Amino acid sequence: GAGTHEPLLAGLNPEQRAAVTLPEGHALILAGAGSGKTRVLTTRIAWLLQTGRATPGGILAVTFTNKAAREMLTRLSGMLPINVRGMWIGTFHGLCNRMLRAHHKLAGLPQAFQILDQQDQLSAIKRLCKQHQVDDQRFPPKQLQQFIGSCKEEGMRPRDVPQHNPAMRRQAEIYQLYEEQCQREGVADFGELMLRSFELLRDNDPIRMHYQRRFAHILVDEFQDTNRLQYRWLKQLAGDEQNGQLRTMGSVMAVGDDDQSIYAFRGARVGNMQDFVREFDVRQTIKLEENYRSYSNILDCANALIAHNARRLGKNLRTAQGPGEPVRIFEAASDFAEAQWMVDEIRALTSAGMARQQIAVLYRSNAQSRVIESALFNAGVSYRVYGGLRFFERAEIKHALAYLRLLENVHDDTSFVRVVNFPPRGIGARTLEQLQDAARSAGCSLHDAAAQIKGAAGAKLGGFVALIEVLREQTQGQSLRAIIERMLDASGLVEHYRSDKEGEDRIENLHELVNAAESFVVQEGFGRDAVALPLDEQRGSGLTQSPVSQGLDPSQPAAGGFIDQDTGETLSPLVAFLTHAALEAGDNQAQAGQDAVQLMTVHASKGLEFDAVFIGGLEEGLFPHDNAMSDQAGLEEERRLMYVAITRARQRLYLSHAQTRMLHGQTRYNVRSRFLDELPQEALKWLTPQRAGAAQARGGAGGGFSAWSDAAPSRFGSKGEVFASPPVPPQKAQPAHGLRVGLAVFHTKFGEGKVLAIEGSGDDARAQVHFPRHGTKWLALAVAKLTVVD
Ligand code: ATP
Ligand code: MG
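Counting from 7, one number per residue, gives the positions in the sequence shown under the UniProt record's numbering.
This is the structure we're talking about:
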């Protein structure tokens, strides 16, 4: 009734309120960072439900990450007494996956199809190239992976690839072979999820019409980062084209910020915003101009910076909050000194009462995190890295998942290759090649070809095949937990790592996998004996059902499973879990250390906010990145990235750069980023003297300036643990650290070791130490706490 929705709208400003309560019809909310776009989107869904304008089954909402989807669901269930399980809220990939499971026959996939992540995909391509003698000089697998990915993003199948020269023809051939391989093995990569789901809608009128009728409200967050195929997918769901005119049934609300478009390199297209307005004939465009996140010093920096971009749709941000603290800028002598400064500031913040998880350290490239991690580690500050090596991407977890996937589908060759000789079973590369040849000529999977290999090698292969068979039988009908525990044991994985010196962490992670499965079962509502289904899909084919018939019913059981639209067959918890593992890699990190400083790339920080934000490595060539500085478009994307980074901060913002930095095994001498010179002086506080910056060093000539050291090229090998010799010639002064070559020392993480060499002095002093258990490492003495062992 009237007034009941007041609490929902109470905290909103007039523009936000207008956006939340827009009448039917398509709308674009175009607004800057922190203006409440995501909040408007979530509140809109709640409002639609509460006022009876929509049912949970009639809404489709696309978020940028799984984490965002979960947050949205949590907030919705906080606002309304409804069961949000089974609502179509998720990422593009998550939603496509769901649609494909439900209609897998029409989509030409096995119901239990497995998802290949980037890494799996690359190894599948490598395997294929080897089999078909593809010249990897001319066609490097990485490049082929990119090629296939961008074809799919453009909606192109192999036959659609323009083949005007032999190279293109060859690539199209490989793409074709890759598709056949995936089909044979019953797997799909991320791009395939999107493309196949699009084709499913495009080529099946009843299915398309069903979803068009069903989703009366489609809402998309971070719309500026959608790619062409995603946009076309949305269009299929929204309606059909007739005489060149789009006839839609529901309403689409897109929410975005052109200044935060940071995925052009992955095919995202800001142009989708303009296309959306034109093709959907959008009448309602709402701008939000009030920023609720940041103090004005921070906001002034963001505004001034982004004003340097020429190609903008144009909006402004203001805040009612006061100026707050000035934005602090620090120049460090080295990346080590920079990290140490961050740690000192972080400690000051936490001792002043700020929670660690409210502090974020952002960087442009993943490679930057290691130095920061080691400084935090040595200072005993707990931290958590997002991205990088995620839980589901760790080697031991991928091995375990491969066994699980084989239990589900023995023809999954990618998984077969991964674990046939892991733990080692004496099955060598030669045997594997033989097996692959046999499989190819018989046109079957590696599993099926194993019987053809004779002799000792054949016996070993037979042993592996038998292991999988037995395990399959033993785990029939078992709970997810029991399946995983049985597998960990029978595969020999745990035992293998037990004999490994560094295996302790890995075993812990394997046990964590059991926990992850357990919490998945609870979260997704997979009961002990019944697989619960999404509301709509519990009722027959669902194809003829109108959205209106799916009432708001809190008494419905938890839902989240998948059901085959033809047979009514439900997906096993194991398959659902494997899918979850593939799609959620990234956000589902070990839950330990909640009270931890958050480390992540700027890309990963989109949509998030923190009380304090550190942005390190503000140096020409790093941020803006070398790869992007050659043209205007690239530079503008880097600037948008910086805009995203700055606008994550609520109260405090710290910017820093280092004169020298070790990256990829080389010392770099850096000039501070031009972005620092684009900020308004009034909002800043330079903690170190502000010297000639990028602008002056470049002499106004445009183009980037950054020097790779010729003097100190990769002196100490590779392996990630390599540190630079100091940029200045080693001084002869008396060392303050009291170390000398030959001394035995103790390190808190690496244990006892022996000093092999010492370089530099003062803050830059480093020692090369050999640790029997961890190998030889270069350590920054200002950071690493080494004690001399008598
Ligand atoms: P981004 O572009 O970074 O994704 P956004 O536009 O989605 O930002 P939100 O994350 O929705 O912004 O909101 C930013 C912050 O401001 C949140 O903490 C949100 O709760 C708060 N906020 C939004 N609107 C209001 C309001 N009317 N009153 C008070 N706080 C608000
Ligand atoms: Mg947002």
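Even glycine gets a Cβ: it sits at the ideal position worked out from N, Cα and C.
As the structure is a computational prediction, the values presented were derived from the model and not from experiment.
Comparing C-alpha positions only, which one of the options sits nearest to residue i?
i	options	result
V747	Q187, A763, F756 and G256	A763
S156	E77, Q236 and P20	Q236
L580	A457, S662, Q266 and S485	S485
P429	N521, F470 and L452	F470
V677	A113, P686, H223 and A664	A664
I292	K783, L28, Q774 and A310	L28
residue 814	G434, F383, G277 and R504	Because residue 814 is not part of the residues shown, which for the chain are 7 to 796, the question remains open.
L407	E491, R91, H780 and L150	E491
R400	T420, R133 and D511	D511
L66	L243, T420, Q137 and F777	L243
D231	M200, A274, F196 and V261	A274
T673	L628, T71, K241 and G250	L628
G757	Q266, D246 and V775	V775
T69	D227, T754, L311 and Q442	D227
N303	I213, R658 and M635	R658
L584	G498, F398, G161 and A108	F398
D443	C135, L128 and V90	C135
L199	G359, A358, L122 and F271	L122
So, residue i versus residue j, is the Cβ gap smaller than 8 angstroms?
i	j	result
F286	L319	no
L14	T49	yes
I268	E643	yes
residue 1	L54	The structure shown does not extend to residue 1, since the chain is modelled only from 7 to 796, so the question has no answer here.
L452	I459	no
Y503	I513	yes
Q266	R645	no
T437	A463	yes
G759	H753	yes
Y409	V387	no
G197	K158	yes
Q137	R446	yes
G250	Q218	no
L311	M635	no
G63	R220	yes
R284	G31	no
Report yes if the C-beta of residue i is less than 7 angstroms from at least one heavy atom of the ligand ATP; otherwise report no.
i	result
L252	no
L18	yes
A39	yes
E185	no
E77	no
R299	yes
T232	no
D419	no
T71	no
Q604	no
Q124	no
E21	no
D246	no
D263	yes
T653	yes
Q363	no
Q266	yes
E615	yes
Using a beta-carbon distance below 8 angstroms, is residue i in contact with chain B?
i	result
V520	Going by chain labels, chain B is absent from the structure shown, which holds only one protein chain.
Between the segment 333 to 342 and the segment 610 to 618, can you find at least three pairs of beta-carbon atoms closer than 8 angstroms?
no
Pull every residue with its beta-carbon under 7 angstroms away from any heavy atom of the ligand MG, and keep them in chain order.
Residues flagged by the Cβ proximity filter: K43, T44, D227, E228 and G613.
Counting pairs of beta carbons, one from the segment 145 to 161 and one from the segment 112 to 121, are three or more of them closer than 8 angstroms?
No: the two stretches stay apart, fewer than three of their Cβ pairs being nearer than 8 angstroms.
Below 8 angstroms, can you find three or more Cβ-Cβ pairs linking the segment 297 to 306 to the segment 40 to 49?
yes
Counting Cβ pairs closer than 8 angstroms, one from the segment 253 to 263 and one from the segment 99 to 108, do we hit at least three?
no
Determine contact between the segment 150 to 170 and the segment 178 to 186, defined as no fewer than three beta-carbon pairs at a distance below 8 angstroms.
yes
State whether the segment 190 to 197 contacts the segment 411 to 426, with contact taken as three or more CB pairs (one from each stretch) at a distance under 8 angstroms.
yes
With a cut-off of 8 angstroms, do at least 3 Cβ pairs link the segment 376 to 384 to the segment 785 to 794?
yes
So, does the segment 601 to 612 touch the segment 366 to 380, judging by three or more C-beta pairs under 8 angstroms?
Of all C-beta pairs linking the segment 601 to 612 to the segment 366 to 380, three or more are shorter than 8 angstroms, placing the two stretches in contact.
Three or more C-beta pairs under 8 angstroms: does that hold for the segment 308 to 325 against the segment 342 to 358?
With a cut-off of 8 angstroms, the segment 342 to 358 and the segment 308 to 325 do not count as touching, because too few Cβ pairs lie within range.
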